[in-house]
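Only one structure is covered here, and it is reproduced in the block below.
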Amino acid sequence: MRQANGSFIEFMPPQRFQLQLLCCVARCAVDWPKSHEHVPETQMPQKKPATDERAMMSRRQRLLETVVIFRRSLIYQTKEFFQNSTLHGVRYIAETGRPIGEKFMWFCFTSIGAVTALVIIMSLWEKFQTNPTITGLDTDFHNQNVVFPTTVICPDTAFDHDKSYDEVFKSLANYEENKAQLFAPFLDLLTSLNFDNIKDAAMLSQNVPIDMLHERSIREWAFLVHVTCENTLISCKYRDDEIPCCDHFEPIYTEHGFCYAFNSRFKSTPTEDLKTGPPHDLYETDKKWALFFLPNSSSRIFIFSNEEYFGSDFNAQIDWTEDQLVEVRISKKNTYTTDDARQLSIGQRKCIFGDEVKLSYFPDDYTFSSCMKQCRINKAIKLCKCNPPFYKPISNAPMCTVTDFNCLNEHQLNITNIKDCLQCELSCSKTVFNIDKLIKLTEKPETPGVLVEFLTWPIIRYKREVLFGWVDLLVSFGGIASLFLGFSLLSGVEIIYYFTLRACCMVYKNRQELYEIEERIRHEPPPAIDLQLKLKSHSRPAINSASARSVLQVQPVSGTDAGYMTTTQRRNEKDYSSYSKNLYRTPKVLPDHGYLGSKDKWQLDHGQYLP
0 MRQANGSFIE FMPPQRFQLQ LLCCVARCAV DWPKSHEHVP ETQMPQKKPA
50 TDERAMMSRR QRLLETVVIF RRSLIYQTKE FFQNSTLHGV RYIAETGRPI
100 GEKFMWFCFT SIGAVTALVI IMSLWEKFQT NPTITGLDTD FHNQNVVFPT
150 TVICPDTAFD HDKSYDEVFK SLANYEENKA QLFAPFLDLL TSLNFDNIKD
200 AAMLSQNVPI DMLHERSIRE WAFLVHVTCE NTLISCKYRD DEIPCCDHFE
250 PIYTEHGFCY AFNSRFKSTP TEDLKTGPPH DLYETDKKWA LFFLPNSSSR
300 IFIFSNEEYF GSDFNAQIDW TEDQLVEVRI SKKNTYTTDD ARQLSIGQRK
350 CIFGDEVKLS YFPDDYTFSS CMKQCRINKA IKLCKCNPPF YKPISNAPMC
400 TVTDFNCLNE HQLNITNIKD CLQCELSCSK TVFNIDKLIK LTEKPETPGV
450 LVEFLTWPII RYKREVLFGW VDLLVSFGGI ASLFLGFSLL SGVEIIYYFT
500 LRACCMVYKN RQELYEIEER IRHEPPPAID LQLKLKSHSR PAINSASARS
550 VLQVQPVSGT DAGYMTTTQR RNEKDYSSYS KNLYRTPKVL PDHGYLGSKD
600 KWQLDHGQYL P
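Pasting the structure below:
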């Protein structure tokens, strides 16, 4: 049969068609059992790993392509940002057609401005971190009452030898005088126990039966033999009035041994440290702003604020001996910090508010001395697994026994090292008592003793306030960045916008166009390197240049044109102003860089994504 195009179709005879159909059916019947017989799983072809591998390769290829076009998008957005940025001088660096010397000049100016701004900003930041507060006089202040300073008397002989001997004779020596004389020095030393003499206490404890010492704690043994208040103080006066000494001087047991304190924040018992009552105040109308007392023996005198906890952080201001009159004239200096300083960190203001940090063992208002004492307690518990007996008893740690004295002596330097307690800062509200005048009369005065008196009524208070806060820092940073670079917060938002949102949107909305740009740039031949020393002019662009360059090469001329060129050159040599004007009248030819072309379809279709 003939088709319309002139070709012929050959028809098969029916008998031949039926024969071929039967052969195909027979062949399928023979192959059917073979194709459906059971094949072990290990022998079956594994096509899934190959499929997964191809899928993984495909994902990797798509990821690589996305990275490539995202890089091209970032390059494009970088050019756009430099050309449209509001930062001073940046647009001239990337502007096409500018001479390389002018670009380098603007790059230098911009770099100098950025470095200068950075140096000034770093100096301001250092000032904000190290010295953001200022301390000055508080003019609107008048004291109605003043808390008298804590006055502590620590006798050099803090034990009562008779009491010590009697206690040892009855309990430890089993009524044997030789053993009592041997054991008594150990109990005497417990009343002045500290890290300096704990090694001696460990040596003396070797003579004492350990099992008998464990009947009581070391702190309880010390309280049994300490000197009483009646044997420490003879007479006392406060505000020029006689007072019973033992009603106002409380016993305290610290690293300085057994002492008695007037106007102390706490008092010691064999089992705990207790708070005392309200502090003793002075009024401007009192007859005398003074405390007088007469010790019974040579003693060390400590004077400090009632807010602090007594311990090894304090040194004795007076060493009093018998038949001596010591007159101490003191002055009070109180410093408080305004609440505005709470915006600063503890390291910046270098102080801690009373309610800002809660200590585990001293839950009252924070003080520097309580923080230091807790730090030493924690280190002793960590190193020796016990709390020294001259510290405040705590419930979560056992009290050290004589078997722990060697451990305390071994780690003495670590426990008392203040470098491990750098977290302890001064209190933001603190009071300091200074000794302005000290008089000692040693030639048998009529009334020996110690007189602690205010030189003048305290009328001065110091105030610490914020000098350079967060708002001041922000204003300073903004002023410096705006002055040198024209930078603002919106400029930072603009940078983030260009290199994140805008670049990503271009990747996902104009992916095909970015592929085409990348391929076009990849196949574009590199520019030819011209090593000839020829003059180049920016006065006129090349119209018919294949590479659309904005540089016109000037070739030597000959013939009749030479005279014309010579005349023109002489005219230009005489008038340099017209030559400089022509430089700025040069039309700017923007190279496409693979992005734009004349009558480019991508530009017409997606012009809304261009600036």
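Counting from 1, position 152 in the sequence shown corresponds to residue 151 in numbering that gives the first Met the number 0; the numbering is continuous, with no gaps. The C-beta atom is built at its ideal place from N, Cα and C for all residues, glycine as well. Because the structure is a prediction, the values reported are computed rather than measured.
Residue i, buried or exposed, once every other Cβ within 10 Å from all chains shown has been counted against 16
i, result
"Pro525", "exposed"
"Arg615", "The structure shown does not extend to residue 615, since the chain is modelled only from 0 to 610, so the question has no answer here."
"Arg59", "exposed"
"Pro243", "exposed"
"Tyr282", "exposed"
"Ile217", "buried"
"Val89", "buried"
"Met121", "exposed"
"Cys504", "exposed"
"Lys372", "buried"
"Ile520", "exposed"
"Gly477", "exposed"
"Leu171", "buried"
"Pro131", "buried"
"Glu512", "buried"
"Trp124", "exposed"
"Ile479", "buried"
Rounded straight-line distance, which links the Cα of residue j to that of residue i
i, j, result
"Glu176", "Phe168", "7 Å"
"Val151", "Ile302", "7 Å"
"Leu484", "Gln76", "21 Å"
"His225", "Thr320", "20 Å"
"Ala631", "Phe182", "Nothing about residue 631 can be reported from this structure: the residues present for the chain run from 0 to 610 only."
"Phe222", "Leu192", "12 Å"
"Pro154", "Phe291", "16 Å"
"Thr134", "Asn413", "35 Å"
"Phe147", "His279", "6 Å"
"Ala502", "Ser72", "6 Å"
"Phe467", "Cys350", "16 Å"
"Lys332", "Glu424", "18 Å"
"Phe313", "Arg299", "12 Å"
"Glu493", "Ser344", "32 Å"
"Asp419", "Asn377", "11 Å"
"Asp354", "Pro277", "20 Å"
"His87", "Ser481", "9 Å"
"Ser163", "Asp322", "28 Å"
"His255", "Asp338", "36 Å"
"Gly112", "Trp469", "24 Å"
"Cys670", "Lys357", "As displayed, the chain neither begins before 0 nor continues past 610, which places residue 670 out of reach and without an answer."
"Leu472", "Gln128", "11 Å"
"Phe257", "Leu324", "23 Å"
"Ser368", "Cys427", "13 Å"
"Glu515", "Ser84", "27 Å"
"Val67", "Lys508", "15 Å"
"Pro447", "Met202", "39 Å"
"Asn433", "Glu249", "24 Å"
For residue j and residue i, believed in contact at Cβ under 8 Å, the rounded distance
i, j, result
"Pro617", "Ala379", "Coverage of the chain is limited to positions 0 through 610, which leaves residue 617 absent and any answer about it impossible."
"Trp220", "Leu189", "6 Å"
"Gln347", "Phe194", "Going by Cβ atoms, the distance from Gln347 to Phe194 rounds to 34 Å, so no, they are not a contact pair."
"Leu232", "Leu293", "7 Å"
"Lys78", "Ile92", "Going by Cβ atoms, the distance from Lys78 to Ile92 rounds to 11 Å, so no, they are not a contact pair."
"Arg264", "Thr275", "6 Å"
"Thr65", "Val474", "43 Å between Cβ atoms; not a contact."
"Thr634", "Ser304", "Nothing about residue 634 can be read from this structure; the chain reaches only from 0 to 610."
Minimum Cβ-Cβ distance from residue i to chain D less than 8 Å
i, result
"Ile414", "Any reference to chain D falls outside this structure, which holds one protein chain only."
| field | Three CB pairs or more closer than 8 Å across the stretch 323-342 and the stretch 447-463 | value | Inter-segment contact for the stretch 323-342 and the stretch 447-463 is present: three or more beta-carbon pairs are separated by less than 8 Å.
| message | Under 8 Å: do the stretch 265-275 and the stretch 390-404 share three or more Cβ pairs, one atom per stretch? | response | Short answer: they touch.
| Three-pair Cβ contact test at 8 Å for the stretch 233-250 versus the stretch 194-214 | Pairwise C-beta distances place the stretch 233-250 out of contact with the stretch 194-214, as fewer than three of them are shorter than 8 Å.
| query | Taking only runs of the beta strand (DSSP E) that begin and end inside the stretch 463-516, which ones reach a length of at least 3 residues, in chain order? | reply | Whole beta strand (DSSP E) segments, 3+ residues: zero.
| field | Stretch pair the stretch 362-373 + the stretch 487-502: three plus CB contacts closer than 8 Å | value | When C-beta atoms of the stretch 362-373 are compared with those of the stretch 487-502, fewer than three pairs fall below 8 Å, so the two segments do not count as touching.
| request: Would you check if there are 3 or more beta carbon pairs closer than 8 Å linking the stretch 498-517 to the stretch 50-58? | output: A contact between stretches requires three or more CB pairs, one per stretch, nearer than 8 Å, and the stretch 498-517 fails this requirement with the stretch 50-58.
| request: Can you check the stretch 143-213 for any alpha helix (DSSP H) of at least 4 residues that lies completely inside it and give the ranges in chain order? | output: Counting only runs of 4 or more, we get 160-166, 176-189, 197-203, 209-212.
| message | Three or more C-beta pairs under 8 Å: does that hold for the stretch 305-314 against the stretch 92-107? | response | Flag = no, the stretch 305-314 and the stretch 92-107 do not touch.
| Does the pairing of the stretch 454-473 with the stretch 98-110 give three or more beta-carbon distances under 8 Å? | Fewer than three beta-carbon pairs drawn from the stretch 454-473 and the stretch 98-110 are found closer than 8 Å, and the two stretches are therefore not classed as touching.
| Sequence ranges, alpha helix (DSSP H) only - wholly within the stretch 253-332, length at least 4 | Complete alpha helix (DSSP H) runs here, min 4: none at all.
| query | Can we say the stretch 424-442 touches the stretch 401-408, given the rule of at least three CB pairs closer than 8 Å? | reply | In this structure the stretch 424-442 does not lie against the stretch 401-408, because fewer than three pairs of beta carbons, one per stretch, are closer than 8 Å.
| task | Return the chain-ordered ranges of every alpha helix (DSSP H) run that is complete within the stretch 337-425 and spans a minimum of 4 residues. | result | The stretch 337-425 contains these whole alpha helix (DSSP H) runs: 345-348, 367-383, 404-409, 411-415.
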